[in-house]
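In full-length UniProt numbering, the protein residues as written are 1 to 587. Glycine included, each C-beta is placed from N, C-alpha and C at the ideal position.
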């Protein structure tokens, strides 16, 4: 009876520890942006103020409270940037590649004479080999496949938790995923469709691709894709996801084909397109100073121009020349339809996958290229960064920064920012050219430095050191901390320029997500079992007595088995002694 009472008491005391721990972990997991102080940066640059403003977005009485006006402090453009989810699938499951228990099937075929063998000994030998492989290959592969399926299922929801929770807490105005949406460009179309379905129906449930009629090529005459004043209908952009094509989605230049690009665009949206978002100015006096009302003015109506660019085939050799021409045509069109560098008010945001060129040591990834063999076409097989020449297409072409300080706009170029992925560790870089170096533009070269180091040296904003910032968003995969990027952009009417700031909101490794949900499952199971015991006790069933009786039965059975083994051992010893006694001694 003491054992039974102790067992029930142990369950009760275990639940007293387990349930509070499960509740605490669950609260933290589902409110981690709150506990980590995640918020889109504000123009003031005060992180505490930004967090307080975000909290007020969730105040239930904000509509009638005096603080309801405070959320207007938020930047009009708030981009939730996620990098490299890399949804895996069949290619990581052993039984999908090797089959289920293949050696067991071979054993059955051999013993049923469905396979021919030259002799019986050969049949026995091969059957024994298959038997060994069954135990040392088939069973481990089957167990690993079960584990991997469960892991993939959980990973989808881990990534979904990041997207859903950060989206709910921070309330972004726009969302982007910066490439490597799936884990391999080599998968067949059926598997690609399955991963696409998981992407939209599980990981980014509630999101939608940017419609093809909205994702258009640059034009001289255009209609805005949206407005940044919060007018009705603009909330649709909170669920539209600007997907960027990555190497695991469509392949590098040496792998990219029309078929791979077509299926990506069908499932996730176009690979190259432009979006323009205007911020209306409501003050008539300020509006009168813009170029729309004053032809001599250099002030353009405030606008953010987003260029989603497939940079997978910017470098050569490429497998498909027409697709490479298509990408360069898009970039050239984007350059030709840009406002002159002397004008103010526009901001260009480039969303792409492979980071710009930079020397080794600036970021984790260094310059690296690998190529296919001549027999395979000789195209680019792998690269960590764009080439220096391809990078100039962004810096000198789209942004218009010039090495010549005598160029239009003093060579300062157009305001802009680059967001990309690929380097899972993430990086924050400033690319600039020093106009004081050399006598001619040919003597100057692009330099790259960590953003924090650039700020410490006070390089950004110096007129003779024009440059652009590049943010490589750290991956949202569990091995890299489940990161989410928060980019705020706001318009400064005094300088007539867009300002921006970037912050991060990591969840942490996937182990905590698994731990919390397993803990919740055990807590619910324990509470249910304890409730079942209490229910049985309420109808007169003595659980303690049943447990005690069961324990006595088990203990008695074990004792009988032990005594039986002891008797057999004693009898064996006596038989040996008797045999030894009957053996005649040698003379």
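Cβ contact (3+ pairs, closer than 8 angstroms) linking the region 512-529 and the region 112-124: No, the region 512-529 is not in contact with the region 112-124.
Contact under 9 angstroms by Cβ, residue 358 with residue 385: Pairing residue 358 with residue 385 gives a Cβ-Cβ distance under 9 angstroms.
Extent of the continuous beta strand (DSSP E) run through residue 382: 380-383 is the span of the beta strand (DSSP E), which, as asked, contains residue 382.
Nearest-angstrom Cβ-Cβ length linking residue 277 and residue 303, presumed shorter than 8 angstroms: Residue 277 to residue 303, Cβ: 7 angstroms. Contact.
Where residue 493 falls: helix, strand or coil (DSSP): The three-state secondary structure of residue 493, taken from DSSP, is coil.
Beta bridge counterpart(s) of residue 247 as assigned by DSSP: Residue pairing for residue 247: DSSP places it in no beta bridge.
Assigned secondary structure, residue 515 (DSSP; H/G/I helix, E/B strand, else coil): In this structure, DSSP gives residue 515 a helical state, which the three-state scheme calls helix.
Helix, strand or coil at residue 330 according to DSSP, with G and I counted as helix: Helix at residue 330.
Nearest-angstrom Cα separation, counted from residue 424 out to residue 512: Answer to the nearest angstrom: the Cα atoms are 20 angstroms apart.
Minimum C-alpha distance to residue 210 - residue among 514, 268, 434 and 335: Comparing Cα-Cα distances from residue 210 to each of 514, 268, 434 and 335, the minimum goes to 268.
Alpha-carbon spacing of residue 334 relative to residue 218, whole angstroms: Looking at the two C-alpha atoms, the distance is approximately 6 angstroms.
Cβ neighbours of residue 171 in the same chain (closer than 7 angstroms, five flanking residues each side left out): Counting only Cβ-Cβ distances below 7 angstroms, and skipping sequence neighbours, we find 57.
Start-to-end residues for the beta strand (DSSP E) that takes in residue 40: First-last for residue 40: undefined, no H or E at that position.
Reduced DSSP secondary structure (H/G/I, E/B, other) of residue 208: Strand.
One or two residues paired with residue 83 in a DSSP bridge: BP columns for residue 83 point to 475.
Residues bridged to residue 78 [DSSP beta-bridge criterion]: In DSSP, residue 78 forms a bridge with 488.
Inter-stretch contact (C-beta, 8 angstroms, three-pair minimum) for the region 137-144 and the region 153-173: No, they do not touch.
Coil, strand or helix - residue 71 by DSSP: In this prediction, residue 71 has a pLDDT of 45, which is less than 50 and means its spatial position is unreliable; what the coordinates show is noted afterwards. DSSP, read as helix, strand or coil, puts residue 71 in helix.
Residue 310, enclosing beta strand (DSSP E) - first and last residue: Counting along the chain, residue 310 falls outside any beta strand (DSSP E), and DSSP gives it neither H nor E.
The region 93-111 touching the region 156-163, judged by at least three CB pairs closer than 8 angstroms: Too few Cβ pairs lie closer than 8 angstroms, so no.
Where residue 315 falls, given that 16 or more other Cβ within 10 Å makes a residue buried: Under this definition residue 315 is a buried residue.
Those runs of the beta strand (DSSP E) which lie wholly inside the region 174-247 and span at least 3 residues: Secondary structure in the region 174-247: the beta strand (DSSP E) runs of 3 residues or longer, each lying completely within the stretch, are 174-177 and 240-243 in chain order.
Residue 528 versus 10, 15 and 458, residue with shortest Cα-Cα distance: The residue among 10, 15 and 458 with its C-alpha nearest the C-alpha of residue 528 is 15.
Cβ-based burial, residue 84 [other Cβ within 10 Å; buried from 16]: Classification for residue 84: buried.
Boundaries (first-last residue) of the alpha helix (DSSP H) holding residue 454: Residue 454 -> alpha helix (DSSP H) spans 451-456.
Alpha-carbon to alpha-carbon, residue 42 and residue 70: Reliability of the predicted coordinates at residue 70 is poor, the pLDDT of 41 falling under 50, and no value is obtained from them.
Cβ contact check for the region 431-448 and the region 395-411: 3 or more pairs under 8 angstroms: When Cβ pairs closer than 8 angstroms are counted between the two stretches, the region 431-448 is seen to touch the region 395-411, the count reaching three or more.
Candidates 55, 536, 454 and 319: closest to residue 377 by CA position: Restricting attention to 55, 536, 454 and 319, the CA atom closest to the CA of residue 377 is found in 319.
Proximity of residue 348 and residue 415 at Cβ, strictly below 9 angstroms: In this structure, residue 415 lies closer than 9 angstroms to residue 348 by Cβ.
Helix, strand or coil at residue 103 according to DSSP, with G and I counted as helix: Residue state, collapsed to three classes: helix.
For residue 247, the nearest candidate out of 255, 204 and 241 (CA to CA): That would be 255, whose Cα lies nearest to the Cα of residue 247.
Buried versus exposed call for residue 556 [16 or more other C-beta atoms within 10 Å across all chains shown]: It is exposed - the Cβ of residue 556 has fewer than 16 other Cβ atoms within 10 Å.
Range of the contiguous beta strand (DSSP E) that encloses residue 276: Judged by DSSP secondary structure, residue 276 falls within the beta strand (DSSP E) whose first and last residues are 273-278.
Residue 428 beta carbon less than 9 angstroms from that of residue 451: Cβ atoms of residue 451 and residue 428: closer than 9 angstroms.
Whole-angstrom distance between residue 430 and residue 457, CA atom to CA atom: One C-alpha to the other measures close to 12 angstroms.
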